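>
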C-alpha cells in the first residue's frame, strides 16, 4: 500500500494537476527509491519541473536546461526519476549532461544511465564518454567503453586519441602512439583528425621523437594526405622544428601547394625558436610579398626577431603597420609589449618608453618589457625605480631580467636591493628568480650568498642546478661544480642543453678530455638532446689540445654534416 501511494506521489510530482507538497516516502518503500525521491525533493524545485513538461521530449529539454545552466546534480536527480519510471531521455539530453560533467562519480552515473536508456550503442555518446573519462584521468574506464563496442570506428578511436592529447601529461605521447597502433591493427581507417592528434602528441612531448615524425610523414604520403591537407602539413612542419630538424621542416613548407597565414606563421615561429633570426625575417618578407595577410600571431613571433637583429628601421615599419591595422584589437597590448621590447633591444629607450606610455591597457607583459629594457641598456637602477613607482607587482621574468643586468661586481649593491624586493614579494624561492639570484651572486664573486639562496629554493630543478654549477665554474671551482652536476643527476633532476653547455665548458677549462667526451655522449644518447655547434667546437678544441687529431677531425666532419657547413679548417699538422 505504501508503495502504491508512493508511486502516485511520484507521478503527481512530475505530472501535477495542482501543486503538491514535497513527497515524504514511507518507511516501507525500497531504500534506493526513497533516497532518490528525497534527493529530488531537496534539489529540484517545482519551478524547475514545470507542469507542462508532461512528455519525454519536454523532460529531455528540461535535462538539457539544467545541465547547461550548471545544475548537473539537479539534472541527475531528474534522470534518476526518469530511469525508475521507464521514461526515455534523448541522446541530445545525454550529450548536454556529458558536456556539463566535471567529476568521475557523475561520469560513471551518466554511463550507467546510458545503459538503462538503451543508448549504450550510440557511438557519438560513447565517444564523448571516452573523452570525458580521459579528461578526468580514468584511462581504464575509457578503455573499457571502447572495448565494449562491437566494432569501434575511426570516430571512437579518434575520441581516444584526442582525449590523450587533451590530457597533455608526460605519458600522452606514448598513449597516443599505442592507441594509434591499436587503431590500425583493429582495421579502423585513419583520417585527417587522427593524424592531427598524432602530430600534436609528438610536438607536445618533452622530447619529440624524430622516428615517430618520419613514420607519420611516410603514412601521410602513403595515404595521399601529404600536400593536400594544409593543417596536417603545418603540424608536420611544427613537429620537425620541435625535433630540431630544419631541412625537412622547410621541405614540407616548400612542397605545400597553398600556404596560408597559419603555415607562414609556423615556419617563422620555427626559425625564431631555433634562433635562426635572419631566416625568420626572410620568410616574413616572403609572406608579405605573397600578399598573405599578417595576423597578431605572426607579429608576436617576428617582432622579437627584429629586436634581436636590431633592425630598427624595419621595426618602425612594423610599428606603423600595427598602428594602422591593430590599434583597436583586443590583443594589441601584447603586440605593443613586443614593440617596447624591440625598441629597447635596439637601444632606443625613448621610443620604447613612448610606446609603453601610449599603451591603453598596460599589463604585466608590458611592464616586464620596459623594466627589462632598462636593465639590458645598463640602467637596472631605473628599472628598479620604475618597478617601485608602478604600484604593480612585477612578475618573476621582470625580476630575473633585472638580476641578469646586475651580474657585475659594480652592480652588486643594486642586486642586493633586488634580492630584498624578491624577499618582500615572496619570490626568492621561485625557480626563475632563485636561479637569477644565484647567477647574480656567482658573477659578483659572492659564492657563499649564491649557495645560501640555492639551499633555500624548495623546488629545485634543472634551471636552479645549472645556475649554481655555473656560479662555481665562474669562480674557478671546477671540481665542486662537477660534484654538483653529479649530485644533480643523483637527485634525478633532468639536465638540459644549458646544463650541458656549462658542464662542457668546465671540462674544457679544466682540461678534462675523457670526461667531456663521456658527458657529450650522455647528452646525445641518454637524454636525447641535440648537440649545438658550440658543443662540437668545445670537444674539437679539447681533443686537438690533447693531440687526439683523428678524433677531432671525426667530430669536425660530423659537425659539418649535421649543420650543413663547410668543415672548419683544422690544421692538424700545425696543431
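In the numbering used here, the protein residues as written are 16 to 590. From the three backbone atoms N, C-alpha and C, an ideal C-beta is built for every residue, glycine too. These figures come from a predicted structure and were not determined experimentally.
Quick one: give me the first and last residue of the alpha helix (DSSP H) that residue 596 is part of.
The requested residue 596 does not occur in the structure, where the chain is confined to residues 16 to 590.
> Going by DSSP, what residue range makes up the alpha helix (DSSP H) through residue 549?
Per DSSP, residue 549 belongs to the alpha helix (DSSP H) from 548 to 560.
> Nearest-angstrom Cα distance between residue 363 and residue 329?
Near 14 Å, if we compare the C-alpha coordinates of residue 329 and residue 363.
> Where are the alpha helix (DSSP H) runs, 4 residues long or more, that stay fully inside the stretch 357 to 424, in chain order?
Entirely contained in the stretch 357 to 424, the alpha helix (DSSP H) runs reaching 4 residues are, in chain order, 364 to 373, 379 to 391, 395 to 404 and 411 to 420.
> Below 8 Å, how does it come out for the stretch 197 to 208 and the stretch 217 to 230: are there three or more Cβ pairs, yes or no?
They do not touch, by the three-pair rule.
> Rounding to the nearest angstrom, what Cα-Cα distance links residue 265 and residue 282 in this structure?
Straight-line Cα distance between these residues: approximately 7 Å.
> How many angstroms separate the CA atom of residue 343 from the CA atom of residue 311?
Each residue's Cα considered, the two are about 12 Å apart.
> Would you report the Cα separation of residue 570 and residue 551, rounded to the nearest angstrom?
For residue 570 and residue 551, the distance between alpha carbons rounds to 7 Å.
> Going residue by residue through the stretch 430 to 464, where are the continuous alpha helix (DSSP H) segments of at least 4 residues, counting only ones entirely within it?
Entirely contained in the stretch 430 to 464, the alpha helix (DSSP H) runs reaching 4 residues are, in chain order, 446 to 458.
> Tell me whether the beta-carbon of residue 335 lies closer than 9 Å to the beta-carbon of residue 382.
It is not a contact, given that the beta carbons lie outside the stated cut-off.
> Can you tell me whether DSSP reads residue 231 as helix, strand or coil?
Helix, per DSSP.
> Only counting runs of 4 or more residues, tell me where the alpha helix (DSSP H) segments fall wholly within the stretch 230 to 292, in order along the chain.
The qualifying runs are 245 to 257, 261 to 270 and 276 to 288.
> Identify whether residue 526 lies in helix, strand or coil by the three-state DSSP scheme.
Three-state DSSP puts residue 526 in coil, outside helix and strand.
> May I ask which residues mark the beginning and end of the alpha helix (DSSP H) holding residue 322?
Counting along the chain, the alpha helix (DSSP H) containing residue 322 begins and ends at 311 to 324.
> Could you tell me if residue 269 is buried or exposed, where buried requires 16 or more neighbouring beta carbons within 10 angstroms of its beta carbon?
By the neighbour-count rule (16 or more Cβ atoms within 10 Å), residue 269 is not buried but exposed.
> Could you give the DSSP three-state label for residue 140: helix, strand or coil?
Of the three classes helix, strand and coil, the one that applies to residue 140 here is helix, per DSSP.
> Just to confirm my understanding: we take residue 390, look at its own chain, exclude 5 residues before and 5 after, and list those with CB closer than 6 Å. What are they?
Within the same chain, residue 390 has close Cβ partners 398, 416, 417 and 420.
> Please classify residue 235: is it buried, with 16 or more other beta-carbons within 10 angstroms of its beta-carbon, or exposed?
Classification for residue 235: buried.
> Taking 8 Å as the threshold, find out whether the stretch 109 to 118 comes into contact with the stretch 75 to 92 through three or more Cβ pairs.
Touching, yes, given that three or more Cβ pairs across the two stretches are closer than 8 Å.
> If I follow the unbroken alpha helix (DSSP H) through residue 337, where does it start and stop?
Where residue 337 is concerned, the enclosing alpha helix (DSSP H) stretches over 327 to 340.
> Find out if the Cβ-Cβ distance for the pair residue 367, residue 355 is shorter than 9 Å.
Cβ distance < 9 Å, so residue 367 and residue 355 count as in contact.
> Can you round the beta-carbon distance between residue 484 and residue 500 to whole angstroms, since I take them to be within the 8 Å contact cut?
Between residue 500 and residue 484 the Cβ distance is about 6 Å, and since that is below 8 Å, they are a contact.
> Give a yes or no on whether the C-beta atoms belonging to residue 189 and residue 182 are separated by under 9 Å.
Contact: no.
> State yes or no: is the C-beta of residue 249 within less than 9 Å of the C-beta of residue 278?
Yes.
> What is the DSSP secondary structure of residue 105, reduced to helix, strand or coil?
If DSSP states are grouped into helix, strand and coil, residue 105 belongs with coil.
> Relative to the C-alpha of residue 290, which residue among 173, 317 and 305 is closest?
For the residues 173, 317 and 305, the minimum Cα distance to residue 290 belongs to 317.
> Can you tell me whether DSSP reads residue 511 as helix, strand or coil?
Residue 511: coil per DSSP, three-state reduction.
> Can you tell me where the alpha helix (DSSP H) with residue 503 in it begins and where it stops?
Its alpha helix (DSSP H) spans residues 493 to 505.
> Measuring straight from C-alpha to C-alpha, what distance separates residue 194 and residue 457?
Between residue 194 and residue 457, the C-alpha separation is close to 48 Å.
> Measure from the alpha carbon of residue 273 to the alpha carbon of each residue in 411, 293, 305 and 578, then state which is nearest.
Measuring from the Cα of residue 273, the nearest candidate turns out to be 305.
> Let me confirm a value: residue 257 is counted as buried when at least 16 other C-beta atoms fall within 10 Å, else exposed. Which label applies?
Classification for residue 257: buried.
> With a cut-off of 9 Å, does the C-beta of residue 210 fall near any C-beta of chain C?
No chain C is part of this structure, which consists of one protein chain only.
> Compare the C-alpha of residue 378 against each of 353, 358, 396 and 359 and name the closest.
Ranking the options by Cα distance to residue 378, first place goes to 353.
> Considering residue 564, what are the terminal residues of the alpha helix (DSSP H) in which it resides?
564 to 577 is the extent of the alpha helix (DSSP H) around residue 564.
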